[in-house]
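Below is one structure, written out as structure tokens; the observations come after it.
Residue numbers (the UniProt record's numbering): 1 to 275.
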């Protein structure tokens with residue numbers, strides 16, 4: 001919830017924040033990443049109550065043991081465990097579903113998206129600008145093939161959804177909790193961030209893009225090989241575009257959710273660049 005300190009005319013509004021993240025074979029780096037998140041949330045003056053929810057997606061290394069040790073020292077760390085690997089999409093959906101606070105920050109546990117990027121988002125949340133914020137990577141630290149694939153799928157997604165988002169596929173999201181937890185996510189793999197962008201747009205909400213830093217991958221394992229992932233992303237983007245077309249024609253009914261505008265515009269567009 002939003003709370004106000006007393007005794008000062010210029011009262012400081014704090015925000016209750018849940019961090020949600022998937023993890024798969026991140027034993028080498030997960031402790032450092034969770035420690036970075038915890039330190040940031042404890043120290044930031046704009047953050048009130050907070051929690052960290054990590055879904056261990058059936059890791060085969062020591063990730064589960066490391067997380068168990070961390071939760072002993074950090075009661076605000078919630079660990080959701082899959083007995084077998086179910087894919088990043090399922091892990092992201094489970095992590096989001098287990099959050100409970102007013103705002104949810106979606107991150108990846110490989111350290112590519114520094115939590116300090118929240119410095120650019122929290123003032124805009126406090127100002128009540130929107131219910132959904134997305135990080136637009138200023139410089140993507142992935143390899144050339146992954147950057148090309150992300151750019152291509154993002155361009156096609158924008159075309160199909162009649163939007164103009166700079167970084168359609170960014171996993172860095174800050175969304176009002178009730179809205180985030182209401183999204184009917186279907187993706188099983190690494191396409192979940194693309195689906196989240198599309199689903200929020202389906203509900204009639206516009207993303208506010210904020211420029212963010214993107215670091216090189218610190219460790220962990222990608223849940224899909226490049227060519228298989230490229231094929232799956234192409235199919236999934238086509239599915240989301242077709243679904244959006246059916247929604248515009250009234251063949252499908254837009255999903256209900258908190259704060260929904262009950263309309264899917266056929267001409268709406270997002271900002272042409274990060275604001």
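Ideal Cβ positions, reconstructed from N, Cα and C, are used throughout, including at glycine.
- Residue 14: member of the beta strand (DSSP E) spanning 13 to 23, first to last residue.
- Residue burial annotation: residue 73 is exposed, with fewer than 16 other C-beta atoms found within 10 angstroms of its C-beta.
- The continuous stretches of alpha helix (DSSP H) do not include residue 103, which lies in the beta strand (DSSP E) extending over residues 103 to 106.
- The three-state secondary structure of residue 61, taken from DSSP, is coil.
- About 5 Å separates the Cβ atoms of residue 136 and residue 211, confirming a contact at the 8 Å cut-off.
- For residue 125 and residue 93, the gap between their C-alpha atoms comes out near 23 Å.
- Residue pairing for residue 211: DSSP places it in a beta bridge opposite 136.
- Cβ neighbours of residue 138 within its own chain (closer than 6 Å, five residues either side excluded): 211.
- Per the C-alpha coordinates, the member of 156, 181, 215 and 34 positioned closest to residue 102 is 181.
- The shortest CA-to-CA distance from residue 89 to any of 196, 239 and 215 is the one to 196.
- In this structure, residue 57 sits near residue 91, with a CB-CB distance shorter than 8 Å.
- Only exposed fits residue 238, as fewer than 16 other CB atoms lie within 10 angstroms of its CB.
- Counting only the Cα atoms, residue 49 lies some 26 Å from residue 184.
- Taking a 10 Å sphere around the C-beta of residue 95, we find 16 or more other C-beta atoms and assign the residue as buried.
- For residue 74, the three-state secondary structure derived from DSSP is coil.
- Contact between residue 174 and residue 99 fails: their C-beta atoms lie close to 12 Å from each other, not under 8 Å.
- The continuous alpha helix (DSSP H) containing residue 200 extends over residues 192 to 202.
- Assigned with DSSP and collapsed to three states, residue 168 falls in coil, not helix or strand.
- In this structure, the CA atom of residue 193 is about 16 Å from the CA atom of residue 86.
- In this model, residue 15 and residue 119 are separated by some 13 Å (Cα to Cα).
- Taking the CA atoms as reference points, residue 254 sits about 36 Å from residue 34.
- Note that the C-beta distance between residue 113 and residue 172 is below 8 Å.
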